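These notes are about the structure you will find just below.
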Amino acid sequence: MSSLFAFPGQGAQQPGMLQALPAAPEVRACLDEAAEVLGQDLARLDSAEALRSTRAVQLCLLIAGVASARLLLARSPAPDYVAGLSIGAYPAAVVAGALDFADALRLVALRGELMQRAYPQGYGMTALQGLDLTTVEGLLAEAEGPVFIGNLNADNQIVIAGSDAAMAAVAERARALGAGLAKRLAMSVPSHCPLLEAPARELAAAFAEVPLRRPAIRYLSGTTARPIHDPERLRDDLAFNMCRVVDWHGTLRTAYERGVRLFIELPPGAVLSGLARRVFEKGAVIAFQGARLDTLDALLRQEVEHSR
């Protein structure tokens, strides 16, 4: 029996998400460090207007995840695993002890800038629900214009990435085939597809100068759905996850098969918790946001007792 901290990706952001974090010394220290490294006032970073920027969104997700995890770890046992969806891989790596928070801040700021610069408009991502992978792949093969598989979130929940026109055409055909949902996501960048190979190579060059360590907490890759122990493999995973398909469903299955029975989603939101409940037939799935700290602490301690 073991536990996992999960960190959400872009699309989970909420205006005021940093201001909504618990008022605790651990959170304040994290926010102060981020403000110093970035050289900017964080009070403006999570406004609705600021969150139109890919850079701001990704930084807010990193900061919220690390601050919340540090608050919880200051009083509770560490999880056995960490995993993150897309940008969520960065707070996961920080919490695992593999990447310094200051380095993560600088890399994520660059990551957001590179992605935004590559596709400032006319591209994004769309969620399809109710169709299997084979059907969606068939729709993409017939599409005119660039559109690719981006995320595998569940057996029947797939996210595609590409141009607005190509995605709209695929969404229309998906609805005709019975898709219960075909929704354009709050993303202005076509993530997790070959369109971002060039920005990923630029980010990899910056990563070459950053020290990484072997994770102290087991790190599950959201791309390969497998643990990564080697720092160089982790470097590759983080730098190139923007242009590789996210297999979140596979990651959840791997965690469950390895004995994870406590899934805690770090802020913001609870989207990953909903996906986890489809896989975790036994155990507990809970989101940090809206939960009491003493409840989360009790669950982590209970999991430690069960694993003895």
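Position 25 (the sequence shown) corresponds to 389 in the working numbering; numbering is contiguous. Where is the CB? At the ideal position from N, CA and C, for every residue including glycine. This structure is a prediction, so every number in the text was calculated from the model and none was measured.
| query | result |
| --- | --- |
| For Q383: DSSP bridge partner residues | DSSP, once it has assigned bridges, lists no residue as partnering Q383. |
| Where D611 falls, given that 16 or more other Cβ within 10 Å makes a residue buried | buried |
| Under 8 Å between C-beta atoms of A550 and G375 | yes |
| DSSP-derived helix/strand/coil call for G614 | helix |
| Endpoints, the alpha helix (DSSP H) within which E477 is located | F465 to A482 |
| Neighbourhood of S432 by C-beta, 6 Å cutoff - its chain only, sequence neighbours within 5 removed | L630, P631 and F652 |
| Residue range of the beta strand (DSSP E) that includes E645 | Element bounds for E645: n/a, residue is neither H nor E. |
| Close Cβ partners of L503 (< 7 Å) along its chain, the five nearest in sequence each way excluded | V534, R537 and A538 |
| Nearest-angstrom Cα separation, counted from R622 out to M606 | 26 Å |
| Inter-residue Cα distance where the pair is L474 and L657 | 33 Å |
| Span of the alpha helix (DSSP H) around G429 | T418 to L437 |
| Reference R439, options L664, S671 and R617, closest by Cα | L664 |
| Buried or exposed by the 16-neighbour rule on C-beta atoms within 10 Å, applied to T498 | exposed |
| Whole-angstrom C-beta distance between R641 and V635, which should lie under 8 Å | Going by Cβ atoms, the distance from V635 to R641 rounds to 11 Å, so no, they are not a contact pair. |
| The region 488-496 contacting the region 441-458, beta-carbon criterion three pairs below 8 Å | no |
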